[in-house]
Structures are given as structure tokens and as C-alpha cells.
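In the numbering used here, the protein residues as written are 2 to 256. Single-structure report; data block below.
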Ligand code: CIR
């Protein structure tokens, strides 16, 4: 069974953290409608969605990807880099525990947002960003080496997370904005560049052989489709005003 854990949008969503975008008014109801449509897209693509309640005082809690990284063997509970986001992990830990999976907790002074972790096969790329530090990378290495994963640290600049700059669109292919992340970190994989007019277009959620992708990047979408990839478009522009994308609104895992 493929699960997608999501989290409701908080009534305090408009107080979200922002790093690279100016603060603009957020329409919480519109964001809710887009979030629900996103959940239905995941259902259509074969996921069983489990939505957990929002924290009323946790503005960014909809961006559940940042609170944990779920590997087939164990879940790692993150320690988000923004202090306001650290209380988000408790409810996610409880929800994941119900699946009976082994759990590991990142420990202070490590900080890591799940948006900085890109898993491709047995390779784990971790973005060194404003949210994720080297201590976290070392802790991940200690958790993951015995499981046979190779951990690689990748510098990220100009955007929030590693997965703002690069994500997988097929088992051996990434979509990338090489202005934000060095492409040579991904040698051995095929790369598709974002269209220069769409720098934020590198965030895609690969579900089986379908790429879930934001409607806001039509030129980059054409590049994906030209490569023969199946793309399922979702409209998430209200969530994007809070610096969210398609990966960050779910934790997808298999049991
Ligand atoms: C934040 O700054 O933490 C949120 N406003 C956005 C988080 C987006 N997360 C992600 O892309 N993984």
C-alpha cells in the first residue's frame, strides 16, 4: 500500500516563514481548496491519503515533508531549521508510529528540513541550506550507512531547500536549476534543466512513473513531456506564496 501523509492547513497559515519571497496576503480558503485537490490527485495516482490535523498555532505545518524523512527501513524525525517549525514534529511522529515503523530522532544541535533530503535509489543527497546543518548530515550518515545508503552533502544557494533546486522525475533523471545547486553532484544521472523563465520549476513529486507537477511552470513541463514523461498537473500557486511546492505537502511511503 502506498501512503501519503498530509497535514491540514493551519488557520495561522498567513504567518508562515518566508526566506526568498516577499510577504503577500494569503487566501487560506483558496490554499485549502488547492491542498484538497492535491490530495485527490495523489488518490487518483494510487495513494491512500492520511491527513493529520493542523496545529492552529503552527503556520507551516501543511509542509509536512520537512518534519520527517521516511525510508523503507525506518523514519527519521527531523529537527526543522526554523525554530517556529520544531513543534510540528510531535504529531507527525505520533502518526508515523501508528504504522509500526522503526523511528530515529535527530538530536540537537542538528537541524534538518526534510525538503533538503533527496532519495534516489540508495543515494541520499542532503542540501546544505539555511535550514540544514552539517551535524544533521553526520547524524543521517550514522543512521543510514548501516542500511547501505550513500549520503552526499550538496551546497544549495539562492533558494530554500535542495528540493527547490533539484528533484527526481524518473529513477535515473533529475530536473534541476543549476544556478541553485551544482549539477556535478548528480553525475551518473540524466538531467533536465528548468526553463530559464521558471527558476522554481525544479520541484516535482515522482509517484511511480507519474510526475506530479505545479501548473505554474508550463515551459519546463513541456521539457518533461518532450522526454516522454507522464506529468499530472496540480495548481498550487497559493501554497507557493508560502514557499511550498508539490513535494513538501506530503510524506509518501509504502508499507
Ligand atoms: C518554510 O519556510 O519553512 C515554509 N514557509 C515553506 C516550506 C516548504 N517546504 C518544502 O518545500 N519542503
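For glycine and all other residues, C-beta sits at the position ideal for the given N, C-alpha and C.
Residue i versus residue j - alpha carbon distance
i	j	result
residue 128	residue 114	9 Å
residue 169	residue 238	21 Å
residue 177	residue 119	12 Å
residue 68	residue 93	7 Å
residue 7	residue 34	14 Å
residue 189	residue 30	43 Å
residue 181	residue 96	33 Å
residue 49	residue 252	11 Å
residue 17	residue 139	29 Å
residue 145	residue 244	29 Å
residue 42	residue 179	29 Å
residue 130	residue 208	25 Å
residue 133	residue 232	30 Å
residue 166	residue 225	16 Å
residue 81	residue 24	21 Å
residue 143	residue 2	29 Å
residue 32	residue 52	15 Å
Neighbourhood of residue i by C-beta distance below 7 Å, restricted to the same chain and skipping five residues each side
i	result
residue 123	149, 150 and 151
residue 217	238 and 241
residue 198	220
residue 230	170, 171 and 212
residue 59	11, 88 and 89
residue 228	193
Residues that DSSP places opposite residue i in a beta bridge
i	result
residue 151	124
residue 183	Bridge partners of residue 183: none, in fact.
residue 251	In DSSP, residue 251 forms no bridge with anything.
residue 206	213
residue 119	126
Neighbourhood of residue i by C-beta distance below 8 Å, restricted to the same chain and skipping five residues each side
i	result
residue 191	171, 173, 174 and 175
residue 56	11, 62, 88, 89 and 92
residue 247	39, 204, 205, 206, 213, 214, 215, 235 and 237
residue 26	15
residue 13	57, 58, 59 and 60
Residue range of the unbroken beta strand (DSSP E) whose run includes residue i
i	result
residue 4	3 to 8
residue 173	No beta strand (DSSP E) contains residue 173, which DSSP labels as neither H nor E.
residue 76	76 to 78
Simplified DSSP assignment, three categories, for residue i
i	result
residue 22	coil
residue 136	helix
residue 198	coil
residue 50	strand
residue 129	strand
residue 93	helix
CB contact below 8 Å: residue i versus chain B
i	result
residue 251	Looking for chain B here will not work: only one protein chain is present.
Residue range of the unbroken alpha helix (DSSP H) whose run includes residue i
i	result
residue 227	219 to 227
residue 42	29 to 45
residue 114	Careful: residue 114 lies outside any alpha helix (DSSP H) and carries neither H nor E.
residue 241	238 to 241
residue 166	163 to 166
Cβ shell of residue i (< 6 Å), same chain only, five flanking positions each side left out
i	result
residue 103	75
residue 116	66, 67, 162, 164 and 249
residue 186	155
Residue i Cβ short of 7 Å to the ligand SAM heavy atom set
i	result
residue 35	With respect to small molecules bound, the structure shown includes the ligand CIR and not the ligand SAM.
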